[in-house]
Amino acid sequence: MQSKFATGDIDHTLLTGVDFMRMRNDINAWFGYDDSVPLLNLYNPVNTDFDFNAKDPANSGPYRILNKQKQTGVYVQDQAQWDKVLVTLGGRYDWADQESLNRVAGTTDKRDDKQFTWRGGVNYLFDNGVTPYFSYSESFEPSSQVGKDGNIFAPSKGKQYEVGVKYVPEDRPIVVTGAVYNLTKTNNLMADPEGSFFSVEGGEIRARGVEIEAKAALSASVNVVGSYTYTDAEYTTDTTYKGNTPAQVPKHMASLWADYTFFDGPLSGLTLGTGGRYTGSSYGDPANSFKVGSYTVVDALVRYDLARVGMAGSNVALHVNNLFDREYVASCFNTYGCFWGAERQVVATATFRF
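Quick note, the sequence shown lines up with residues 182 to 535 if you use our numbering.
So this is what it looks like as structure tokens:
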């Protein structure tokens with residue numbers, strides 16, 4: 182719920198709310214196999230020696246876990262502006278309950294957590310369009326995963342400091358933002374070093390980085406958006422991986438997008454756009470034993486403004502991600518587990534305003 186009011190010369194925007202989350206995850210699976218059994222050829226799956234029931238008791242077994250989780254949060258935030266000073270202050274209180282039943286061992290693990298977190302920030306609005314700011318925020322994230330024995334992980338807690346500046350000149354259609362940040366998170370999950378498909382609790386991660394974004398209208402028809410992110414992350418307290426970079430965290434990311442809108446002629450109302458997304462290399466495991474290569478994908482957009490046919494505020498659009506259907510490995514969490522990047526995706530949307 183949002184409300185606006187004033188106390189003297191100070192204008193307030195007050196936001197209050199409550200949210201609920203309920204989750205039930207029932208897992209019945211078997212992990213592991215006997216290495217001595219001949220492999221099955223997916224392209225010619227005819228192998229009379231293959232035993233679908235083969236298993237290695239040393240590193241596998243049935244996994245039957247019922248995980249139930251619920252979380253309730255209440256929050257309040259006030260954004261107050263006095264002259265050119267903008268101050269934001271907010272708080273949140275969470276109640277998180279989780280229960281995990283291991284149906285194989287017949288054991289139950291329970292955990293109840295309560296946590297208060299807050300965030301605050303201050304901006305100063307200069308007349309020349311420059312707005313420097315500072316912000317601080319805390320996070321509280323109960324894990325939806327459980328360990329291989331059905332054990333519940335401790336929630337991850339984080340703190341972030343950020344200093345940045347935003348530039349929006351009145352006489353030019355551009356927006357430039359830049360920021361540096363320092364983030365620490367505890368109880369981060371990582372792949373089990375024993376080689377199972379489960380997670381274990383890791384140490385504290387510290388991430389420091391730079392974020393830059395620029396938007397510009399080069400003309401009435403042409404818009405351009407570019408961004409770059411640099412991230413330097415490492416384990417700071419983990420006894421095994423201290424000093425290493427967490428898996429799945431690229432150091433460099435960048436994107437560039439441009440679109441063109443027709444305002445005259447038979448194509449009036451049509452917008453064509455294209456751009457690329459670059460993701461740098463990342464480590465594939467917490468031990469930093471190998472790297473996943475960088476990749477770039479191209480996206481495209483076709484949108485038509487229905488105001489040209491008397492439907493102001495409405496449009497139809499076609500979005501294509503990974504236009505050239507590039508095949509790539511997006512990330513890995515260990516030597517035995519990697520994720521393919523998303524194939525070409527075509528999404529059609531229609532927005533109507535009455």
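We put the beta carbon where it would ideally sit given N, CA and C, even for glycine.
Taking all protein chains shown into account, decide if MET182 is buried (16 or more other Cβ within 10 angstroms of its Cβ) or exposed. The residue labelled residue 182 in the question sits at position 1 within the sequence shown. Exposed.
Buried versus exposed call for ASN248 [16 or more other C-beta atoms within 10 Å across all chains shown]: Taking the first residue of the sequence shown as position 1, residue 248 is located at position 67. Buried is the call here.
Need the endpoints of the beta strand (DSSP E) that PRO336 sits in, please. Sequence index remark: in the sequence shown, residue 336 carries index 155 (1-based). Here PRO336 belongs to no beta strand (DSSP E), and DSSP marks it neither H nor E.
Determine the DSSP secondary structure at VAL490, reduced to helix, strand or coil. On the sequence shown, position 309 is the one that residue 490 refers to. Of the three classes helix, strand and coil, the one that applies to VAL490 here is helix, per DSSP.
For the beta strand (DSSP E) holding GLN279, just list the boundary residues, first then last. Within the sequence shown, residue 279 is the residue found at index 98, counting from 1. 266-283 is the extent of the beta strand (DSSP E) around GLN279.
Answer yes or no: do THR138 and ILE386 have a C-beta to C-beta separation smaller than 9 angstroms? Missing from the structure shown is residue 138; the chain here goes from 182 to 535 and no further.
On the criterion of 16 or more Cβ atoms from any shown chain inside 10 Å, does SER462 qualify as buried, or is it exposed? By 1-based counting over the sequence shown, the position of residue 462 is 281. With fewer than 16 Cβ atoms within 10 Å of its Cβ, SER462 is classed as exposed.
Helix, strand or coil for ASN404, going by three-state DSSP, please let me know. Your numbering for residue 404 matches position 223 in the sequence shown. Three-state result, ASN404: strand.
How close, in whole Å, do the beta carbons of ILE333 and ALA397 come, if the pair is a contact with beta carbons under 8 angstroms? Against the sequence shown, residue 333 aligns to sequence position 152. Against the sequence shown, residue 397 aligns to sequence position 216. Actually they are not in contact, since the Cβ atoms of ILE333 and ALA397 sit about 49 angstroms apart, beyond 8 angstroms.
Closest residue to SER318 among TYR362, LEU306, ALA277 (Cα-Cα distance): Here residue 318 corresponds to residue number 137 of the sequence shown, with the count starting at 1. For the residues TYR362, LEU306, ALA277, the minimum Cα distance to SER318 belongs to TYR362.
How big is the Cα-Cα spacing for ALA277 and ASN368? Position 96 of the sequence shown, counted from the start, is the residue given in the question as residue 277. Position 187 of the sequence shown, counted from the start, is the residue given in the question as residue 368. If you take the alpha carbons of ALA277 and ASN368, they lie about 16 angstroms apart.
With GLY302 as the anchor, note down where its beta strand (DSSP E) starts and where it stops. Taking the first residue of the sequence shown as 1, we reach residue 302 at position 121. Per DSSP, GLY302 belongs to the beta strand (DSSP E) from 288-305.
Assuming VAL486 and GLY450 make a contact with CB atoms under 8 angstroms, what is their CB distance in whole Å? Start at 1 with the first residue of the sequence shown, and residue 486 comes out as number 305. Start at 1 with the first residue of the sequence shown, and residue 450 comes out as number 269. Val is not the amino acid found at residue 486; the sequence shown has Asp there. At roughly 4 angstroms, the Cβ-Cβ gap stays under 8 angstroms, so ASP486 and GLY450 are in contact.
Rounded to a whole number of angstroms, what is the C-alpha to C-alpha distance between PHE186 and GLN258? Counting from 1 along the sequence shown, the entry for residue 186 is found at position 5. Counting from 1 along the sequence shown, the entry for residue 258 is found at position 77. Distance between the alpha carbons of PHE186 and GLN258 is about 13 angstroms.
Check whether the segment 336-354 and the segment 436-449 touch, using three or more Cβ-Cβ pairs below 8 angstroms as the test. no
Cβ-based neighbour list, LYS329, same chain, cut-off 8 angstroms, excluding 5 preceding and 5 following: By one-based count along the sequence shown, residue 329 stands at place 148. Excluding positions up to five away in sequence, the list reads TYR244, ASP373, SER377, PHE379.
Let me know if PHE505 comes out buried or exposed under the rule of 16 or more other beta-carbons within 10 Å of its beta-carbon. On the sequence shown, residue 505 is found 324 positions in, with the first residue counted as 1. PHE505 comes out exposed.
Where are the alpha helix (DSSP H) runs, 4 residues long or more, that stay fully inside the segment 337-425, in chain order? At a cut-off of 4 residues, not a single continuous stretch assigned as alpha helix (DSSP H) sits fully inside the segment 337-425.
Determine the contact status of LYS251 and GLN296, defining contact as a CB-CB distance below 9 angstroms. Along the sequence shown, one-based indexing puts residue 251 at 70. Along the sequence shown, one-based indexing puts residue 296 at 115. Contact: no.
Cβ-Cβ separation, VAL483 to LEU499 (assumed contact under 8 angstroms), whole Å: On the sequence shown, residue 499 is found 318 positions in, with the first residue counted as 1. On the sequence shown, residue 483 is found 302 positions in, with the first residue counted as 1. About 5 angstroms separates the beta carbons of LEU499 and VAL483, which is inside the 8 angstroms limit, making them a contact pair.
C-beta contact flag for VAL357 and TYR305 at 9 angstroms: Taking the sequence shown and counting its residues from 1, the one referred to as residue 357 is at position 176. Taking the sequence shown and counting its residues from 1, the one referred to as residue 305 is at position 124. Not a contact, by the Cβ cut-off of 9 angstroms.
Going by the CB atoms, is the gap between PRO467 and TYR517 shorter than 9 angstroms? Within the sequence shown, the letter at position 336 stands for residue 517. Within the sequence shown, the letter at position 286 stands for residue 467. Their beta carbons are not under 9 angstroms apart, which means TYR517 does not touch PRO467 by this criterion.
Close beta carbons around VAL344, own chain, < 6 angstroms, minus the five adjacent residues each side: The residue labelled residue 344 in the question sits at position 163 within the sequence shown. PHE315, VAL361.
What is the DSSP secondary structure of MET434, reduced to helix, strand or coil? Looking up residue 434 in the sequence shown gives position 253. If DSSP states are grouped into helix, strand and coil, MET434 belongs with the strands.
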